[in-house]
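See structure below.
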Amino acid sequence: MNLLLIGFGAVGQGFAEILHEKSARLQERGFAPRIIGVITATRGGLYRRDGLDIPALLAAAAAGSFAKYPQQAGLRRDVSAQGMIADGAADALLELSPTNLETAQPALDSCLAALEGGLHLVLANKGPVALAYPQLQRAAQARGRQLRFEATVMAGTPVLSLAQEALAGCAIVSARGILNGTTNYMLTRMEAGMSYEEALAQAQALGYAEADPAGDVEGWDAAGKALILAQALFGAPLRLTDLAVSGITQISAADIAEAKARGERIKLIAELSAAGGEVRARRLPISDPLAGVSGASNALTLETDLLGAVTIVGAGAGGRETGTALLNDLLAIARAENR
Ligand SMILES: NC(=O)c1ccc[n+]([C@@H]2O[C@H](COP(=O)([O-])OP(=O)(O)OC[C@H]3O[C@@H](n4cnc5c(N)ncnc54)[C@H](OP(=O)(O)O)[C@@H]3O)[C@@H](O)[C@H]2O)c1
């Protein structure tokens, strides 16, 4: 399976490392994915129909420019994403560029071009799925291609395949989750005695929070993931304006201490059902499985008709953790193609 990657930051590099480390095991299973094209914003692009050398690709990315990638027969350094798609050698596009929750661009155009060009599409980028899922799904169905996006919610923790595949015989009535690791980390530190400002500074020092943390602390990152879950679990094409969204900026150390004294914890919870959803800080009894989720972990509780509540807890971020979801999506595509 020949792959094109748009974006080669933490996730792209984490995915490439995993692919390289697991290549022998994957080949034993009859699966031999190759990265044949990579595009970035500032490091340049590389395209080679016979495949790129992953250690050399990682070394060039670490050195800051694909100009450092060694010359190889058939290598091109000047091909656009559209040009790579049009060349016809790729089987799947992995969209790993930054999330834009306002327009989903420029990723959305590349995603549509890939599907229309007959490629499968796998995303870590939340924007196109959160804002344009129906359009993408129509384009995928029209060409008989697959659209997969496990990486967009809770990184490699398999929430979408749990809901859509492992629990396919159940109806999912509602879902509640901790979908943002930065804010969960901050709330955990605040419970240990830090102020909001100290907890934010520590989250930034550890690389959990961006220099501009608004997307996390105001609830928008969790809201983007909630839109994706609404679509995947309930077929509900909600927009950001359909969700009531607030974050943790108004939570003080005193609120947390008061909750603790009552045997409760404050968590930033995304709650969804077929009727709609919201993202807001809530007090949970300590007995709630979500109350026990600490640090940068994420969790989702699915309320089902046949099994009752099923909770999954795991990593919500990280280059390799998110790369794991991309690999699992590609394996699912390969399984479906071999059926
Ligand atoms: N990191 C995580 O834990 C995580 C988890 C789940 C989902 N995601 C999502 O996965 C995506 C990638 O995340 P990341 O952490 O890898 O981000 P990142 O480290 O900032 O890397 C982004 C990559 O996209 C490239 N890029 C930026 N604009 C581009 C454009 N217009 N065309 C082509 N490439 C472009 C960048 O180029 P340069 O190399 O030149 O800067 C970089 O290679 C994001 O949408 C993010 O929300 C991330």
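Residues in the sequence shown are numbered consecutively from 109, following our numbering.
Cβ coordinates follow ideal geometry from the N, Cα and C atoms, glycine included.
Could you spell out the range, first to last residue, of the beta strand (DSSP E) harbouring residue i?
i, result
"K130", "Per DSSP, K130 belongs to no beta strand (DSSP E) and is neither H nor E."
"R142", "142-147"
"G196", "That residue, G196, is in no beta strand (DSSP E); it is neither H nor E in DSSP."
"I114", "110-114"
"G153", "153-155"
Is there at least one non-hydrogen atom of ligand 1 closer than 8 Å to the beta-carbon of residue i?
i, result
"N233", "yes"
"V187", "no"
"A118", "yes"
"G426", "yes"
"T148", "yes"
"T430", "yes"
"A259", "yes"
"S205", "yes"
"I450", "The question about residue 450 has no answer, for the chain in this structure spans 109 to 447."
"A169", "yes"
"A331", "no"
"P321", "no"
"R256", "no"
"P266", "no"
"A263", "yes"
"R151", "yes"
"P178", "no"
Just the C-alpha distance for residue i and residue j, rounded to the nearest angstrom, thanks.
i, j, result
"K375", "I394", "11 Å"
"G120", "E379", "30 Å"
"N288", "G122", "20 Å"
"P163", "V387", "41 Å"
"E366", "I356", "16 Å"
"E136", "E129", "13 Å"
"M302", "T409", "28 Å"
"S282", "G426", "27 Å"
"S131", "E305", "44 Å"
"L439", "I126", "13 Å"
Based on the DSSP output, what are the partners of residue i in its beta bridges?
i, result
"A352", "E386"
"A407", "I286, V421"
"A378", "G285, V387"
"L255", "L229"
Assign residue i to buried or exposed, taking buried as 16 or more other Cβ atoms, counted over all protein chains shown, within 10 Å of its Cβ.
i, result
"D437", "buried"
"R373", "buried"
"T432", "buried"
"K333", "buried"
"R246", "exposed"
"L414", "exposed"
Could you tell me the boundaries of the alpha helix (DSSP H) in which residue i lies?
i, result
"Y304", "304-313"
"L435", "427-446"
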